[in-house]
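Numbering (the working numbering), first residue to last: 52 to 253.
Glycine included, each C-beta is placed from N, C-alpha and C at the ideal position.
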Ligand code: GRF
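This is the structure in structure tokens:
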């Protein structure tokens with residue numbers, strides 16, 4: 052199974068996936084890493100000798116134009132699976148349509164609780180005693196696709212957004228690696244294309 056990973060930030064989840072994929076027994080191969088900016092996580096691509104590309108969000112006049120370039124880059128690599136790992140951008144609908152259901156995303160909350168860009172902060176603000184980590188299939192909503200794996204993570208007294216996020220990330224990484232492995236081994240089906248995305252584009 053060939054995998055493309057898209058990031059925006061430090062790429063710690065990406066790093067864990069690269070470490071797992073470095074094991075010759077791991078059934079998936081990361082072939083390219085894309086980012087929406089000069090993300091720190093691109094250093095991992097360098098370190099692991101994996102090609103990478105940047106489609107800088109701020110260089111495009113619209114989400115659609117940014118998405119079209121991202122899609123063009125992905126079409127060069129033709130991955131079997133796209134993993135959003137800390138990508139802080141919503142993909143345009145036609146990019147999701149072109150690749151669905153073969154796009155998965157990690158989210159640092161127990162979806163459907165606390166979707167969106169600030170799941171950790173929102174859980175803290177809500178005074179939740181526990182939150183979680185989730186891996187989902189990307190559809191054209193925000194963190195709304197079918198849940199492939201999730202696990203509860205406790206919130207502790209005095210937690211800050213970062214201390215809680217650091218407790219969530221290891222769980223996220225473990226779930227993500229397991230989901231990618233299961234997809235590669237064929238024991239986890241990504242299911243039918245999300246109903247409202249129509250047929251794949253050519
Ligand atoms: C992860 O928790 C991811 O789920 C969220 O942002 C974080 C990215 O962390 N979207 P990193 O860039 O993988 O360190």
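DSSP-derived helix/strand/coil call for residue i
i, result
"residue 253", "In this prediction, residue 253 scores a pLDDT of 45, lower than 50, which makes its location untrustworthy; the coordinate-derived value is nonetheless stated afterwards. It is coil, neither helix nor strand."
"residue 207", "coil"
"residue 82", "strand"
"residue 109", "helix"
"residue 137", "coil"
"residue 199", "strand"
"residue 132", "strand"
"residue 237", "coil"
"residue 213", "helix"
Inter-residue spacing [alpha-carbon to alpha-carbon] between residue i and residue j
i, j, result
"residue 62", "residue 93", "8 Å"
"residue 171", "residue 126", "33 Å"
"residue 122", "residue 223", "26 Å"
"residue 129", "residue 226", "24 Å"
"residue 65", "residue 186", "14 Å"
"residue 114", "residue 146", "11 Å"
"residue 100", "residue 197", "33 Å"
"residue 214", "residue 221", "12 Å"
"residue 71", "residue 228", "7 Å"
"residue 77", "residue 138", "24 Å"
"residue 56", "residue 179", "31 Å"
"residue 233", "residue 73", "16 Å"
"residue 239", "residue 90", "30 Å"
"residue 134", "residue 241", "13 Å"
"residue 216", "residue 112", "32 Å"
"residue 218", "residue 161", "13 Å"
"residue 235", "residue 165", "29 Å"
"residue 102", "residue 210", "37 Å"
"residue 237", "residue 88", "33 Å"
"residue 142", "residue 75", "32 Å"
When the options are compared against residue i, the one with the closest alpha-carbon
i, options, result
"residue 83", "136, 188 and 114", "136"
"residue 208", "193, 176, 100 and 202", "176"
"residue 144", "159, 98, 161 and 116", "116"
"residue 167", "88, 199, 69 and 189", "189"
"residue 148", "89, 157, 119 and 95", "119"
"residue 192", "206, 151 and 179", "151"
"residue 212", "241, 200 and 173", "173"
"residue 80", "91, 88, 96 and 90", "96"
"residue 205", "182, 195, 199 and 194", "182"
"residue 68", "202, 124, 157 and 88", "157"
"residue 230", "104, 194 and 153", "153"
"residue 106", "140, 131, 155 and 200", "140"
Closer than 8 Å: residue i CB and nearest the ligand ZN heavy atom
i, result
"residue 157", "This structure simply doesn't include the ligand ZN; it includes the ligand GRF instead."
Original post:
Where are the alpha helix (DSSP H) runs, 4 residues long or more, that stay fully inside the region 52-79, in chain order?
Top reply: You should have 63-72.
Original post:
In chain order, which beta strand (DSSP E) runs of at least 3 residues are fully inside the region 149-202?
Top reply: 154-158 and 181-188
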